[in-house]
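FYI, in the UniProt record's numbering the residues of the sequence shown are 1 to 428.
Each remark here refers to the structure printed beneath this line.
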Amino acid sequence: MRFFASVGAFFVALVPWGTRLMYGASAVFPDGEWGRLSWYASEVVLWLCIICFVVRVVSSSIHSGVPRAAPWGTMRLALISLLLFFIFLFVRSLFVSDFDVALQWTVRVLGASVLFLLMSFLNEREFRLWLVVFFASAGAVGVFGIGQFLFQTSPANTLLGVALHDPSVLGTSVVETVQGRWLRAYGSFAHPNIVGAYGVVVWLLVIACFPRVRSAAARYGLHALGLSMVALVLLSFSRAAWLVGVCAVVVIGVYAFRKQMRMVYKTLLFQIALVCVVVVLFSPLFSVRLYGQARLEQRSFDERTIGLQTAAVLFKRHLLVGVGPAHSVAFLYQENPGREPWSYQPVHNVFLLAGSELGIVGIILIVCFLLLWSIHLPMGDRRFFLGALLILGSFFIFDHFWYTLPQGMFLAVLFLGFFPRVSLLTHK
Numbered sequence: 001m002r003f004f005a006s007v008g009a010f011f012v013a014l015v016p017w018g019t020r021l022m023y024g025a026s027a028v029f030p031d032g033e034w035g036r037l038s039w040y041a042s043e044v045v046l047w048l049c050i051i052c053f054v055v056r057v058v059s060s061s062i063h064s065g066v067p068r069a070a071p072w073g074t075m076r077l078a079l080i081s082l083l084l085f086f087i088f089l090f091v092r093s094l095f096v097s098d099f100d101v102a103l104q105w106t107v108r109v110l111g112a113s114v115l116f117l118l119m120s121f122l123n124e125r126e127f128r129l130w131l132v133v134f135f136a137s138a139g140a141v142g143v144f145g146i147g148q149f150l151f152q153t154s155p156a157n158t159l160l161g162v163a164l165h166d167p168s169v170l171g172t173s174v175v176e177t178v179q180g181r182w183l184r185a186y187g188s189f190a191h192p193n194i195v196g197a198y199g200v201v202v203w204l205l206v207i208a209c210f211p212r213v214r215s216a217a218a219r220y221g222l223h224a225l226g227l228s229m230v231a232l233v234l235l236s237f238s239r240a241a242w243l244v245g246v247c248a249v250v251v252i253g254v255y256a257f258r259k260q261m262r263m264v265y266k267t268l269l270f271q272i273a274l275v276c277v278v279v280v281l282f283s284p285l286f287s288v289r290l291y292g293q294a295r296l297e298q299r300s301f302d303e304r305t306i307g308l309q310t311a312a313v314l315f316k317r318h319l320l321v322g323v324g325p326a327h328s329v330a331f332l333y334q335e336n337p338g339r340e341p342w343s344y345q346p347v348h349n350v351f352l353l354a355g356s357e358l359g360i361v362g363i364i365l366i367v368c369f370l371l372l373w374s375i376h377l378p379m380g381d382r383r384f385f386l387g388a389l390l391i392l393g394s395f396f397i398f399d400h401f402w403y404t405l406p407q408g409m410f411l412a413v414l415f416l417g418f419f420p421r422v423s424l425l426t427h428k
């Protein structure tokens, strides 16, 4: 049991870091990120964690006798929906142009799904350990990301899976003003928009934990982590993260005021003060991102608009079963070859991307699973679970990494697993 908890905690610590082993490339689209075949370190540790969990379940069953069959209910129906979803994915992967790419994505989704189920079986001690490690890893990402912006450079490190980012190099995500190019905070991720969303997710968990702790050291730690996540979100210059964060602050602020949660309310005021200071110090950069009139901002807007239009057409043409798992980029490459590799990108909208790749069949199956699972939960957990889905759904409108990268998949699952169960973090 301790080994399982330790391996799981190690996995949680690895999630934000992009350490991976690349072993091949797509036969259809070999030149580009979306055609690379690789194993992330977090994936390997996750499957080791899953094996440990299975061993623990089997061992418990042997010692306690053969369990009685559970009554037919929404949980079993949810699991059947999930099983049908993976049968669909594996069968659909047999009829695509690059089976290896489709299988890689399917296996990653399978791992994320098993992680989701596994987290519902964590006891209080395991839950607390995983959450503390998650926060510690987030603190390291926050310090790293803030340092990137302050020093305007990001060193490369193969073991950590971090690439070199130089604001003077074309292709680097920057804010361009008349004074020059400013490097946006990347953290440990491949793009500033990812670290912005990550910061909001961690910040929400920090706020949810505040009413649950009484230790002064834990409070100071949560305060420091919350402030660092606010700074990280600001310095990522991710407009999607800003929008979701502002909406969350309004909702949480109103709720805390009505429930007289003074600790949460005061924490929000401190964090809002930090926002004001950072915005004033770097007002030209925030003006460029907010008004979107600069050259790079217009170019980004145009590229996203074209991507949305293309994905909508793709979805209509392949309405029933889509073009295949992880195959939207390869499909576009086959239809329009000859362009620069970087120009082939998944659409920045998870709903459209999933629709174009999985079709109506895949979407219906995964929606059925989520609905049935939420019905299975107790009422208190259900509200938090649906709230977490709403928050993630807001992010899904603006970015694709939740669907295309293991880091995004695992982060979404950890949030869905942590957020409804914060009540396990007792006042000890």
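Glycine residues also receive a C-beta, built at the ideal position from the N, C-alpha and C atoms.
Please read all numbers here as calculations on a predicted model, not as lab measurements.
_Tell me whether the segment 297 to 310 and the segment 14 to 29 touch, counting them as touching only if at least three CB pairs, one residue from each stretch, are closer than 8 Å._
no
*Name the DSSP beta bridge partners of residue 449, please?*
Because the chain spans 1 through 428 in this model, residue 449 falls outside it and cannot be assessed.
*What span of residues does the beta strand (DSSP E) with V181 cover, start to end?*
Stepping through the sequence shown from its first residue, residue 181 is reached at position 181. Note that residue 181 is Arg in the sequence shown, not Val. Its beta strand (DSSP E) spans residues 180 to 183.
*T158 versus Y333 - alpha carbon distance*: Looking up residue 158 in the sequence shown gives position 158. Looking up residue 333 in the sequence shown gives position 333. Whole-angstrom Cα-Cα distance: 29 Å.
*With 16 other Cβ atoms within 10 Å as the buried cut-off, status of A273*: The residue you call residue 273 lines up with position 273 of the sequence shown. Answer is exposed; the Cβ neighbour count stays below 16.
*Opening and closing residue of the beta strand (DSSP E) in which E33 lies*: For this step, residue 33 is matched to residue 33 along the sequence shown. E33 -> no beta strand (DSSP E), and no H or E assigned at all.
*C-alpha distance - G226 paired with V350, whole-angstrom precision*: To locate residue 226, count along the sequence shown from 1; it is residue 226. To locate residue 350, count along the sequence shown from 1; it is residue 350. Their Cα atoms are separated by approximately 27 Å.
*Taking I252 as the reference, which of W242, V264, V275 has the closest Cα?*
Here residue 252 refers to the residue found at position 252 when the sequence shown is read from its first residue. Measuring from the Cα of I252, the nearest candidate turns out to be V264.
*Could you tell me which residues DSSP puts in a beta bridge with A25?*
The residue labelled residue 25 in the question sits at position 25 within the sequence shown. A25 pairs with R36.
*H376 (DSSP reduced to helix, strand or coil)*: What you label residue 376 is simply residue 376 of the sequence shown in a count that begins at 1. Note: H376 maps to helix in three-state DSSP.
*Rounded C-alpha distance that separates F149 from P155*: In the sequence shown, the residue the question calls residue 149 occupies position 149. In the sequence shown, the residue the question calls residue 155 occupies position 155. Near 12 Å, if we compare the C-alpha coordinates of P155 and F149.
*On a CA-only basis, which of L319, A13, A354 is nearest Q407? Give me that one, please.*
Translated into the one-based positions of the sequence shown, residue 407 becomes position 407. Measuring from the Cα of Q407, the nearest candidate turns out to be A13.
_Cut-off 7 Å between Cβ atoms - residues of its own chain near F395, not counting five sequence neighbours on either side_ = Position 395 of the sequence shown, counting from 1, holds the residue named residue 395. Correct list, in chain order: A197, A240, V244, W402.
*Please name the residue, chosen from L353, L122, Y40, F282, that lies closest to F315 on a Cα-to-Cα basis.*
The sequence position of residue 315 within the sequence shown is 315, counting from 1. Here the closest residue by C-alpha is L353.
*Three-state secondary structure (DSSP) at residue 431?*
Only positions 1 to 428 of the chain appear in this structure, which leaves residue 431 out of reach.
*Of all the options A326, V280, V347, which has the alpha carbon lying nearest to the alpha carbon of F301?*
Here residue 301 is taken as the residue at index 301 of the sequence shown, counted from 1. Among A326, V280, V347, the Cα nearest to that of F301 is on V347.
_Which of helix, strand or coil DSSP assigns to N157_ = Locating residue 157 in the sequence shown gives position 157, where the first residue counts as 1. If DSSP states are grouped into helix, strand and coil, N157 belongs with the strands.
*Since I believe G362 is in contact with F85 (beta carbons under 8 Å), could you give me their beta-carbon distance rounded to a whole number of angstroms?*
Here residue 85 refers to the residue found at position 85 when the sequence shown is read from its first residue. Here residue 362 refers to the residue found at position 362 when the sequence shown is read from its first residue. Indeed they touch by this definition, with Cβ atoms about 7 Å apart.
*By the 10 Å Cβ neighbour count, where 16 or more other Cβ atoms means buried, how is I194 classified, buried or exposed?*
To locate residue 194, count along the sequence shown from 1; it is residue 194. By the neighbour-count rule (16 or more Cβ atoms within 10 Å), I194 is buried.
*Close Cβ partners of F419 (< 6 Å) along its chain, the five nearest in sequence each way excluded*: Counted from its first residue, the sequence shown places residue 419 at position 419. These residues qualify, in order along the chain: F384, A388.
*Under three-state DSSP, which class holds V162?*
Position 162 of the sequence shown, counting from 1, holds the residue named residue 162. In this structure, V162 counts as strand in the three-state DSSP scheme.
*Count the other CB atoms within 10 Å of the CB of M379; is the residue buried (16 or more) or exposed (fewer)?*
As a first step, residue 379 is located in the sequence shown; it is residue number 379 there, counting from the start. Classification of M379: exposed, given that the 10 Å Cβ count is below 16.
*Measure the alpha-carbon distance for F151 versus S81 and round it to whole angstroms.*
Taking the sequence shown and counting its residues from 1, one reaches residue 151 at position 151. Taking the sequence shown and counting its residues from 1, one reaches residue 81 at position 81. Roughly 49 Å separates the two Cα atoms.
_C-beta atoms of M229 and G145 nearer than 7 Å_ = As a first step, residue 229 is located in the sequence shown; it is residue number 229 there, counting from the start. As a first step, residue 145 is located in the sequence shown; it is residue number 145 there, counting from the start. Their beta carbons are not under 7 Å apart, which means M229 does not touch G145 by this criterion.
*asked:* Between the alpha carbons of M119 and I50, how many angstroms are there, rounded?
replied: Numbered from 1 along the sequence shown, position 119 holds the residue referred to as residue 119. Numbered from 1 along the sequence shown, position 50 holds the residue referred to as residue 50. The straight-line gap from Cα to Cα measures roughly 11 Å.
*Using 10 angstroms around the beta-carbon of I391, count the other beta-carbons present and answer buried if the total reaches 16, otherwise exposed.*
Working through the sequence shown from its first residue, we reach residue 391 at position 391. Buried is the call here.
*asked:* Please identify the residue among G187, Q179, R317, G355 whose C-alpha is closest to the C-alpha of P284.
replied: As a working note, residue 284 is residue 284 in the sequence shown. Selected option, being the one with the closest Cα: Q179.
*What number of angstroms, rounded off, separates the C-alpha of W182 from the C-alpha of A231?*
Start at 1 with the first residue of the sequence shown, and residue 182 comes out as number 182. Start at 1 with the first residue of the sequence shown, and residue 231 comes out as number 231. Cα to Cα, W182 sits roughly 16 Å from A231.
*asked:* Excluding the 5 residues flanking M75 on each side, which residues of the same chain have their C-beta closer than 6 Å to its C-beta?
replied: Sequence index remark: in the sequence shown, residue 75 carries index 75 (1-based). H376, listed in sequence order.
*CA-CA distance, V28 and L122?*
Locating residue 28 in the sequence shown gives position 28, counting from the first residue. Locating residue 122 in the sequence shown gives position 122, counting from the first residue. When rounded, the distance between both Cα atoms is 42 Å.
*DSSP-derived helix/strand/coil call for P192*: For the purposes of this step, residue 192 is taken as residue 192 along the sequence shown, with counting starting at 1. The answer is helix: DSSP assigns P192 an H, G or I state.
*By Cβ distance, which residues of its chain are closer than 6 Å to L129, with the 5 residues on each side in sequence left out?*
Working through the sequence shown from its first residue, we reach residue 129 at position 129. Cβ neighbours of L129 beyond the five flanking positions: A5, A9.
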